[in-house]
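A.B. asks: Let me give you the structure first, and then I'll get to my questions.
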Amino acid sequence: MPADLAVIGLGHLGLPLAQAATTARIPTIGYDPDPRTVAELAAGRPPGGGAGTGAGSTQHEPGGGPLSAAGIRRMISGGFRTTTDSAELGRVRTAVICAPTPLGPDRTLDLSAVGEAARTLATRLRPHTTVLLESTVYPGTTEEFLRPILESGSGLRAGRDFHLAYSPSRVDPGNRSYGYTNTPKVIGGLTPACTEAAAAFYGRLADKVVRARGPREAEAVKVLESNYRHVNIALVNEMAVFCHDIGVDLWDVVRCAETKPFGFQAFRPGPGVGGPGVAIDPNYLSYQGRTIGYPLRMVELAQEVNGRMPRYVTQRCATLLNEHGKSARGARVLLLGVSYKPDVADQEGSPAREIASRLMELGAQLSYHDPHVPQWRVLGRPVPRADSLYEAAASADLTVLLQQHRTYDLQGLAAKAQLLLDTRGASPAGTAYRL
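With our numbering applied, the sequence shown covers 218 to 652.
Structure (structure tokens):
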């Protein structure tokens, strides 16, 4: 069957798009340079990660649940195909680049996978194709980074020979209320015709399409949405430390504050912030080698506050043990939930790894439990997985809830655990120590 859509990059952005398109009966191919990712999907199995544009393991059903083998088989039966053959890209009307853009060591977005995907597509690009970018990028990337690669590699001109637009991904792993269809899609095209071409495509997938003034505005939407999350989590994380120090129950504070019907949205503290939706400081426009001359101070401060939460959780662990006559050295510590978000397997950016590393450095004997993560390594060493959750909690000197998976019976765990530190405020009041 000839494909109408090519999704380039089969990771946490590309697979939900491919699934939504297949569900909408759009003939779709998935391209990824990583043969392992392509082979796993072709065999009807969720990819576990790997190199290339598809690296990552956050794939989800339209209703928010993990993308299962059955879900992938439904995609295949609906016509979805995977390939490493770039020649397939020259036979579609729409191509969407969903390459990952992780933060590098200098906290700048790494656009190398986007560049690789663009160069691959450019050699196959045909006139009248609609090219869309969904990767998290800096404002200006579509016009100043992606466009020149596509034009020089194809000999075609964006806005005249092919359509070019940006649409920020709004995938929310584990969200059972909002999926691809009922989440509005923001689009910004290089020209009005580009915007309308993008709207025509996304209108087949989403109930509502929102037109931005242009690609820079659409790119800035992603920056604002990501930074909004990080800044507000940082605020409530800072309040958590402050309230603990003065003996105030922050969770009760949030419960009361969220009754205000205007001017307040409740965020809750946690052991850190993970996931692919990283805080973005446009001061670092690395693809052009220039900056805007000043940092976004709120973003910098949010990164600083959120970045020190794993250390704070480790200190709380050591203090709790000490208050109950035990040293962190030699203590048996059970970590519950090591993914970055409830009910998903993705560990990208999860604070659990740093917390585990710090506890190991203090001499603690670690074990973990996570219904979605069968194996886990920290500092190059495997961490023992608890098979019997309640028995493990009963035998551990300290149990730490890092992620609130739906399968956890927190009241039952609180009754079994010798000490329970709840970093998510999910346990019934008075049954555990809270962050």
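Where is the CB? At the ideal position from N, CA and C, for every residue including glycine. Everything numeric in this text was worked out from a predicted model, so none of it was measured.
With DSSP run on the structure shown, which of helix, strand or coil describes I246?
C.D. replies: In the sequence shown, residue 246 corresponds to position 29, counting from 1. In this structure, I246 counts as strand in the three-state DSSP scheme.
A.B. asks: Does the distance from the CB of S567 to the CB of S584 come in under 8 Å?
C.D. replies: Numbered from 1 along the sequence shown, position 350 holds the residue referred to as residue 567. Numbered from 1 along the sequence shown, position 367 holds the residue referred to as residue 584. No.
A.B. asks: Please state if the CB of L326 and the CB of V348 are separated by a distance shorter than 8 Å.
C.D. replies: By 1-based counting over the sequence shown, the position of residue 348 is 131. By 1-based counting over the sequence shown, the position of residue 326 is 109. No.
A.B. asks: Based on DSSP bridge pairs, tell me the residues matched to V427.
C.D. replies: Along the sequence shown, read from residue 1 onward, the residue named residue 427 stands at position 210. In DSSP, V427 forms a bridge with V403.
A.B. asks: Output the residue ranges of the beta strand (DSSP E) runs that lie fully inside the stretch 507-586 and measure 3 residues or longer, sorted by chain position.
C.D. replies: The stretch 507-586 contains these whole beta strand (DSSP E) runs: 549-553, 582-586.
A.B. asks: By DSSP's criteria, Y650 is part of a beta bridge. Which residues make up the other side?
C.D. replies: Residue mapping note: residue 650 aligns to position 433 of the sequence shown, counting from 1. Paired residues: L638.
A.B. asks: If we count Cβ pairs, one from each stretch, closer than 8 Å, do we get three or more for the stretch 221-233 versus the stretch 404-411?
C.D. replies: Taking 8 Å as the limit for Cβ pairs, the verdict is that the stretch 404-411 does not touch the stretch 221-233.
A.B. asks: Report the start-end ranges of each beta strand (DSSP E) in the stretch 314-363 that is 3 residues or longer and not cut off at the edges.
C.D. replies: You should have 347-350.
A.B. asks: Around the C-beta of S386, are 16 or more other C-beta atoms found within 10 angstroms, so that it is buried, or is it exposed?
C.D. replies: As a first step, residue 386 is located in the sequence shown; it is residue number 169 there, counting from the start. Buried.
A.B. asks: Using a Cβ-Cβ cut-off of 7 Å (strictly less than) and excluding sequence neighbours within five positions of A334, which residues of its own chain qualify?
C.D. replies: Taking the first residue of the sequence shown as 1, we reach residue 334 at position 117. Hits under 7 Å: I225, G226, T270, I314, A316.
A.B. asks: Rounded to whole angstroms, what's the CA-CA distance from E278 to R546? Just pull it up for me.
C.D. replies: Counting from 1 along the sequence shown, the entry for residue 278 is found at position 61. Counting from 1 along the sequence shown, the entry for residue 546 is found at position 329. Its pLDDT being 48, under 50, E278 is placed unreliably by the model, and the measurement read from it follows with that caveat. Cα to Cα, the separation comes out at about 43 Å.
A.B. asks: Using the C-alpha atoms, what's the distance from A416 back to D424?
C.D. replies: To locate residue 424, count along the sequence shown from 1; it is residue 207. To locate residue 416, count along the sequence shown from 1; it is residue 199. If you take the alpha carbons of D424 and A416, they lie about 11 Å apart.
A.B. asks: Just how far apart, CA to CA, sit N444 and A259?
C.D. replies: The sequence position of residue 444 within the sequence shown is 227, counting from 1. The sequence position of residue 259 within the sequence shown is 42, counting from 1. Cα to Cα, the separation comes out at about 36 Å.
A.B. asks: In the structure shown, what three-state DSSP assignment does Y383 receive?
C.D. replies: Residue 383 sits at position 166 when you count from the first residue of the sequence shown. If DSSP states are grouped into helix, strand and coil, Y383 belongs with the strands.
A.B. asks: Under 8 Å Cβ to Cβ from H589, same chain only, skipping five residues before and after it: list those, please.
C.D. replies: Position 372 of the sequence shown holds residue 589. Same-chain partners within the cutoff: P283, S556, D560, V561, A562, H622.
A.B. asks: So, is A519 buried or exposed, given that buried needs 16 or more other C-beta atoms within 10 angstroms?
C.D. replies: Numbered from 1 along the sequence shown, position 302 holds the residue referred to as residue 519. Classification for A519: buried.
A.B. asks: Taking only the alpha-carbon atoms, compute the straight-line gap between A649 and H447 and give it to the nearest angstrom.
C.D. replies: Numbered from 1 along the sequence shown, position 432 holds the residue referred to as residue 649. Numbered from 1 along the sequence shown, position 230 holds the residue referred to as residue 447. Roughly 26 Å separates the two Cα atoms.
A.B. asks: Is the CB-CB distance between A569 and L552 below 8 Å?
C.D. replies: Residue numbering aside, residue 569 sits at position 352 when the sequence shown is read from its first letter. Residue numbering aside, residue 552 sits at position 335 when the sequence shown is read from its first letter. Yes, Cβ-Cβ distance for A569 and L552 is below 8 Å.
A.B. asks: Could you give the distance in angstroms between the alpha-carbon of A312 and the alpha-carbon of L306?
C.D. replies: To locate residue 312, count along the sequence shown from 1; it is residue 95. To locate residue 306, count along the sequence shown from 1; it is residue 89. In a straight line, the C-alpha of A312 is about 7 Å away from that of L306.
A.B. asks: Whole angstroms is fine: what's the gap from I404's alpha carbon to A256's?
C.D. replies: Counting from 1 along the sequence shown, the entry for residue 404 is found at position 187. Counting from 1 along the sequence shown, the entry for residue 256 is found at position 39. Taking the straight line from one Cα to the other gives about 32 Å.
A.B. asks: To the nearest angstrom, how far is it from the Cα of V309 to the Cα of V600?
C.D. replies: Your numbering for residue 309 matches position 92 in the sequence shown. Your numbering for residue 600 matches position 383 in the sequence shown. Those two C-alpha atoms are separated by around 46 Å.
A.B. asks: At the level of alpha carbons, what is the spacing between V453 and I463?
C.D. replies: As a working mapping, residue 453 is identified with position 236 in the sequence shown. As a working mapping, residue 463 is identified with position 246 in the sequence shown. Distance between the alpha carbons of V453 and I463 is about 15 Å.
A.B. asks: Could you give the distance in angstroms between the alpha-carbon of K543 and the alpha-carbon of L637?
C.D. replies: Counting from 1 along the sequence shown, the entry for residue 543 is found at position 326. Counting from 1 along the sequence shown, the entry for residue 637 is found at position 420. In a straight line, the C-alpha of K543 is about 14 Å away from that of L637.
A.B. asks: Over what stretch of residues does the alpha helix (DSSP H) that includes R472 continue unbroken?
C.D. replies: On the sequence shown, residue 472 is found 255 positions in, with the first residue counted as 1. Residues 467-474.
A.B. asks: Let me make sure I understand the geometry here. Which of G357, H461, P390 has the alpha-carbon closest to that of V438?
C.D. replies: Sequence index remark: in the sequence shown, residue 438 carries index 221 (1-based). Of the listed residues, the one whose Cα sits closest to V438 is G357.
A.B. asks: Within a Cβ cutoff of 7 Å, which residues of the same chain sit near R651, ignoring the five residues on either side of it in sequence?
C.D. replies: Along the sequence shown, one-based indexing puts residue 651 at 434. Taken in chain order, the residues that qualify are W468, D639, G642.
A.B. asks: Could you tell me the alpha carbon to alpha carbon distance between Y397 and P390, rounded to whole angstroms?
C.D. replies: Within the sequence shown, numbered from 1, the residue matching residue 397 stands at position 180. Within the sequence shown, numbered from 1, the residue matching residue 390 stands at position 173. Y397 and P390: Cα-Cα distance of roughly 11 Å.
A.B. asks: Buried or exposed, going by whether 16 or more other CB atoms sit within 10 Å of the CB of T340?
C.D. replies: Start at 1 with the first residue of the sequence shown, and residue 340 comes out as number 123. Exposed.
A.B. asks: Taking the alpha-carbon positions, what's the A474 to T400 distance?
C.D. replies: Taking the sequence shown and counting its residues from 1, the one referred to as residue 474 is at position 257. Taking the sequence shown and counting its residues from 1, the one referred to as residue 400 is at position 183. The alpha-carbon atoms of A474 and T400 are separated by roughly 27 Å.
A.B. asks: Given that a residue counts as buried once 16 or more other Cβ atoms are within 10 Å of its Cβ, and exposed if not, what is G487?
C.D. replies: Counting from one through the sequence shown, the residue named residue 487 turns up at place 270. With 16 or more Cβ atoms within 10 Å of its Cβ, G487 is classed as buried.
A.B. asks: Within this structure, are the beta carbons of L234 and E351 separated by less than 8 Å?
C.D. replies: As a working note, residue 234 is residue 17 in the sequence shown. As a working note, residue 351 is residue 134 in the sequence shown. Result yes, Cβ atoms of L234 and E351 sit closer than 8 Å.
A.B. asks: Between V354 and L328, how many whole angstroms is the CB-CB distance? I'm expecting something under 8 Å.
C.D. replies: Start at 1 with the first residue of the sequence shown, and residue 354 comes out as number 137. Start at 1 with the first residue of the sequence shown, and residue 328 comes out as number 111. Contact flag correct, Cβ pair sits at about 7 Å.
A.B. asks: Can you look up P252 in the DSSP assignment and give me helix, strand or coil?
C.D. replies: Here the question's residue 252 lines up with position 35 in the sequence shown. Helix at P252.
A.B. asks: Which residues does DSSP pair with R594 in a beta bridge?
C.D. replies: Indexing the sequence shown from 1 puts residue 594 at position 377. According to DSSP, which records beta bridges pairwise, R594 is partnered with P599.
A.B. asks: Which residues in the same chain as K633 place their Cβ atom closer than 6 Å to its Cβ, once the five residues preceding and following it in sequence are excluded?
C.D. replies: As a first step, residue 633 is located in the sequence shown; it is residue number 416 there, counting from the start. The residues are Y607, A610, A611.
A.B. asks: Out of A304, R262, L320, point me to the one whose CA is closest to M292's CA.
C.D. replies: By 1-based counting over the sequence shown, the position of residue 292 is 75. Nearest C-alpha to M292: R262.
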